[in-house]
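So the sequence shown is numbered by my numbering: it starts at 110 and just counts up by one. This report refers to the structure that appears directly beneath it.
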Amino acid sequence: MPVDIVGGGQGGDEGTGKICAYLAVKGDYDYSIRVGGPNAGHTIFFNDKIYTLKTMPGGFVNKRAKLVLGAGTYIITDWLEKEIALTGAGNRLLIDPHAVIIEPRHTASERADARMMGKIGSVGTGLGAAVRDRIDRKPLRFAKDEPRLKKYIKDVPELLNKALARGSRMLLEGTQGMKLSNLHGEYPFVTSRDTTASTFMGEAGLGPKYAGEVYAVFKPYVTRVGPGMVANEIKDKKVLSRYHTVGREVGSVSGRLRRVGAFDMDVARQTVSINSATRLAITHIDLLE
Ligand code: IMP
Ligand code: MG
Numbered sequence: 110m111p112v113d114i115v116g117g118g119q120g121g122d123e124g125t126g127k128i129c130a131y132l133a134v135k136g137d138y139d140y141s142i143r144v145g146g147p148n149a150g151h152t153i154f155f156n157d158k159i160y161t162l163k164t165m166p167g168g169f170v171n172k173r174a175k176l177v178l179g180a181g182t183y184i185i186t187d188w189l190e191k192e193i194a195l196t197g198a199g200n201r202l203l204i205d206p207h208a209v210i211i212e213p214r215h216t217a218s219e220r221a222d223a224r225m226m227g228k229i230g231s232v233g234t235g236l237g238a239a240v241r242d243r244i245d246r247k248p249l250r251f252a253k254d255e256p257r258l259k260k261y262i263k264d265v266p267e268l269l270n271k272a273l274a275r276g277s278r279m280l281l282e283g284t285q286g287m288k289l290s291n292l293h294g295e296y297p298f299v300t301s302r303d304t305t306a307s308t309f310m311g312e313a314g315l316g317p318k319y320a321g322e323v324y325a326v327f328k329p330y331v332t333r334v335g336p337g338m339v340a341n342e343i344k345d346k347k348v349l350s351r352y353h354t355v356g357r358e359v360g361s362v363s364g365r366l367r368r369v370g371a372f373d374m375d376v377a378r379q380t381v382s383i384n385s386a387t388r389l390a391i392t393h394i395d396l397l398e
């Protein structure tokens with residue numbers, strides 16, 4: 110089947126972005142699609158340069174691939190414009206008219222919310238506030254209402270479905286990880302969306318029959334930025350510092366040091382089951398002692 114999906118198997122930050130970039134080149138997909146919000150940073154090493162992308166698909170590294178943001182993508186326009194400049198890939202970018210613009214008021218209200226920033230440990234991008242407005246059917250700015258994005262707007266479901274009919278192949282880049290899913294994760298220490306494969310398809314405007322391989326990305330240990338469950342958490346400062354330095358276990362959007370725990374087989378099993386994962390990818394294997 111023509112749409113391969115990549116998602117995180119643990120508490121986020123499994124290296125999904127790197128796997129997406131690798132697959133985009135290796136699998137030479139015609140389209141790379143990204144969904145979700147800018148609270149997730151995909152860090153990619155490419156041609157001696159580090160790219161931390163909060164919105165642009167990691168698949169930009171394949172110069173032939175069209176890059177797509179679906180109706181389930183949440184955009185901070187200033188950040189996206191910076192990434193367009195950084196990647197030089199604006200000429201390949203297509204955005205669904207109903208992708209939502211996260212406005213400064215969303216970011217401000219989330220950052221002013223002591224419970225969200227404290228107990229939940231929100232990244233503070235305003236994604237949750239924008240999702241809430243959408244659920245409440247409050248006035249919102251969509252990508253189609255943003256003059257700066259006008260040239261990228263396309264009917265994404267129509268475009269993708271026509272491309273599928275022509276035999277195109279697509280890589281769908283999910284965000285965060287299983288433990289952060291609003292449906293299946295460790296509520297309330299979760300994000301404001303579901304973060305499993307079926308939802309990524311819906312957020313892009315794709316039906317389930319097109320799903321092909323489903324990649325679940327893991328590390329040989331588990332990390333978490335902020336509060337929530339971490340089984341067998343490492344507390345030894347010396348051991349932890351190796352993860353924070355060599356392993357770069359520092360939030361790419363939030364800058365927070367990530368908490369580290371042992372690999373959790375129950376979570377891995379749950380991930381494989383709920384995502385119907387067909388392939389496993391493991392990053393940071395070099396940190397195994
Ligand atoms: P929010 O989605 O920014 O509101 O954050 C809610 C919870 O999910 C917090 O515990 C965050 O640390 C966590 N979270 C959200 N996005 C990411 C991510 O991309 N990587 C790791 N943790 C995340
Ligand atoms: Mg991340």
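Virtual Cβ for every residue (Gly too), placed ideally from N, Cα, C.
- Around the Cβ of Y296, a 10 Å sphere holds fewer than 16 other Cβ atoms; the residue is exposed.
- Taking non-hydrogen atoms of ligand 1 into account, the C-beta of I229 is found less than 6 Å away from one of them.
- Our two residues, K260 and R357, have alpha carbons roughly 37 Å apart in a direct line.
- For ligand 1, a non-hydrogen atom lies closer than 6 Å to the CB of N148.
- Across the set V339, E212, K346, D345, the C-alpha of V339 shows the shortest separation from the C-alpha of M374.
- A direct Cα-Cα distance of roughly 10 Å separates G321 from A386.
- Distance from the Cα of R241 is smallest, within the candidate group M225, A313, P266, for M225.
- Of the candidates I210, M310, D139, F372, the residue whose Cα lies closest to the Cα of G235 is I210.
- The Cβ atoms of G233 and E219 sit closer than 7 Å to each other.
- Membership of Y352 in the alpha helix (DSSP H) is indicated by the continuous run 346-354.
- Burial state of K346 is exposed, judged by a 10 Å Cβ sphere holding fewer than 16 other Cβ atoms.
- Bridge pairing for H151: L162 [DSSP].
- Distances from the alpha-carbon of V331 to those of T164, V376, G314 put V376 closest.
- Taking non-hydrogen atoms of ligand 1 into account, the C-beta of D345 is found less than 6 Å away from none of them.
- L281 and S141 have their alpha carbons spaced roughly 6 Å apart.
- Nearest in C-alpha terms to T354, of all of G283, V369, I391, is V369.
- Under a 10 Å Cβ-count criterion, E342 is classified as exposed, with fewer than 16 other Cβ atoms of the shown protein chains found around its own Cβ.
- Under the three-state reduction of DSSP, Y296 is assigned to coil, being neither helix nor strand.
- Distances from the CA of G335 to each of L249, G230, R246 were compared; the closest alpha carbon is that of G230.
- From the listed residues T164, N148, V170, the smallest Cα separation to D157 is found for V170.
- Between I391 and the set P111, V112, G116, M110, the nearest pair of CA atoms involves G116.
- With a cutoff of 6 Å, V334 counts as near ligand 1, since its C-beta is closer than that to a heavy atom of the ligand.
- For F327 and K288, the gap between their C-alpha atoms comes out near 12 Å.
- Per the DSSP secondary-structure output, D139 pairs with nothing in a beta bridge.
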